[in-house]
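Following: one structure in structure tokens, then a few remarks.
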Amino acid sequence: MVNRETLSADLRRAGLRPGGTVLVHCSLRAVGWLPEGPAALRRAVQQVITADGTLVVPTHTTANSTTSHLFRRETDGSPEAAAGWEAAIKGFDPDTTPSDEMGIFAEGVREHPDARRSTHPHTSFAALGPGARELTAVHDLDCHLGERSPVGALYAVGATVLMIGVGYAHCTTFHLAEYRLATPPRVRPHRCYVLDERGERRRIDFLAPHNDDHDFAELGAAFERTGAVRTGRVGAARTRLFPIRAAVDFALDWMTHHRGQPLSWVPTVAGAEAGGAGT
853 MVNRETLSAD LRRAGLRPGG TVLVHCSLRA VGWLPEGPAA LRRAVQQVIT
903 ADGTLVVPTH TTANSTTSHL FRRETDGSPE AAAGWEAAIK GFDPDTTPSD
953 EMGIFAEGVR EHPDARRSTH PHTSFAALGP GARELTAVHD LDCHLGERSP
1003 VGALYAVGAT VLMIGVGYAH CTTFHLAEYR LATPPRVRPH RCYVLDERGE
1053 RRRIDFLAPH NDDHDFAELG AAFERTGAVR TGRVGAARTR LFPIRAAVDF
1103 ALDWMTHHRG QPLSWVPTVA GAEAGGAGT
């Protein structure tokens, strides 16, 4: 039977160690049925990293955007659908707004009473442990996944990335390399909604780099061939464990040699053009 103890043993065999900081991307569906519920895996991770370790997860809110993958997919270029989507966006509150498309594991961490969450209305992260406050303290609006975000903070502390049942297309740490390119991504308009200090919904328009993940699967496969990735299994799910610094440094070199010029198009805020990927 799969339980916290068997999951902990799997995590140790996968290479997870006590202490330090780990960013987890997880598909619980891939892990398999957990009789003790979704929290069993979170407790298992915490058991392995101990009270000295910090657990971090992405708690993005992709629905709170008029330029995201989700927005483009659901509105399909229709002005009427775009207007309806935007009207339905609820204001982001880091204390209460659920993540979307991040999975049950990430939501369980976010909902923990001791969790800290960064304040970005689109690409927030949540953390549990002694480093949680520091890792989530800075998340500038114009820096979704760059130096002034939890991803930059994770790089600074030399975190480990653990991917459970998901592929490299979900590896948000690769995005940090985009911000370090000699020719960085072009900026484009973004729009999100937040709750202000009075609890009222407020629109925020801002400019930020366009993050492009269309080639992350290819990038990840190349990175794995370097031998920097330790593979294993947790439950029924395949795992990949690697140092964030090795991943970002490799991604920077790989992007420099494999990507062409940055995207030249700049979508409108409320009706992004089809094509391209990213936030």
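In terms of the numbering used here, the sequence shown is residues 853 to 1131.
Here a beta-carbon is modelled for each residue, glycine too, at the ideal position from N, C-alpha and C.
Three-state class that DSSP yields for residue i in the structure shown
{"i": "His1042", "result": "strand"}
{"i": "Arg864", "result": "helix"}
{"i": "His921", "result": "helix"}
{"i": "Ile1016", "result": "strand"}
{"i": "Gly1084", "result": "strand"}
{"i": "Pro1037", "result": "coil"}
{"i": "Leu1006", "result": "helix"}
{"i": "Leu1047", "result": "strand"}
{"i": "Thr914", "result": "coil"}
Continuous alpha helix (DSSP H) stretch holding residue i: start and end
{"i": "Leu893", "result": "Ala891 to Ile901"}
{"i": "Gly1072", "result": "Phe1068 to Glu1076"}
{"i": "Val883", "result": "Leu880 to Val883"}
{"i": "Leu907", "result": "Premise fails: Leu907 lies in the beta strand (DSSP E), Thr906 to Pro910, not in any alpha helix (DSSP H)."}
{"i": "Leu1028", "result": "Phe1026 to Tyr1031"}
{"i": "Gly871", "result": "Per DSSP, Gly871 belongs to no alpha helix (DSSP H) and is neither H nor E."}
{"i": "Ala933", "result": "Pro931 to Ala940"}
Exposure label - residue i; buried when at least 16 CB within 10 Å
{"i": "Ser920", "result": "buried"}
{"i": "Thr948", "result": "exposed"}
{"i": "Asp1105", "result": "exposed"}
{"i": "Ala1008", "result": "exposed"}
{"i": "Thr1024", "result": "buried"}
{"i": "Val1118", "result": "Low confidence applies to Val1118: its pLDDT is 37, below 50, so where it sits in the model is not reliable enough to give any reading."}
{"i": "Ala1011", "result": "buried"}
Segment limits, beta strand (DSSP E) that includes residue i
{"i": "Pro1061", "result": "Arg1053 to Pro1061"}
{"i": "Ala1089", "result": "Ala1089 to Pro1095"}
Which residue spans inside the stretch 945 to 1001 form an unbroken beta strand (DSSP E) run of at least 3? 977 to 980
On the three-pair Cβ rule with 8 Å, is the stretch 855 to 875 touching the stretch 886 to 905? yes
Is the stretch 923 to 930 touching the stretch 952 to 962 in the sense that three or more CB pairs, one from each, lie closer than 8 Å? no
Flag this pair as touching only if the stretch 1040 to 1050 and the stretch 1086 to 1093 have three or more C-beta atom pairs under 8 Å; answer yes or no. no
Counting pairs of beta carbons, one from the stretch 990 to 998 and one from the stretch 1052 to 1063, are three or more of them closer than 8 Å? yes
When the Cβ atoms of the stretch 976 to 991 are set against those of the stretch 905 to 915, are three or more pairs found closer than 8 Å? yes
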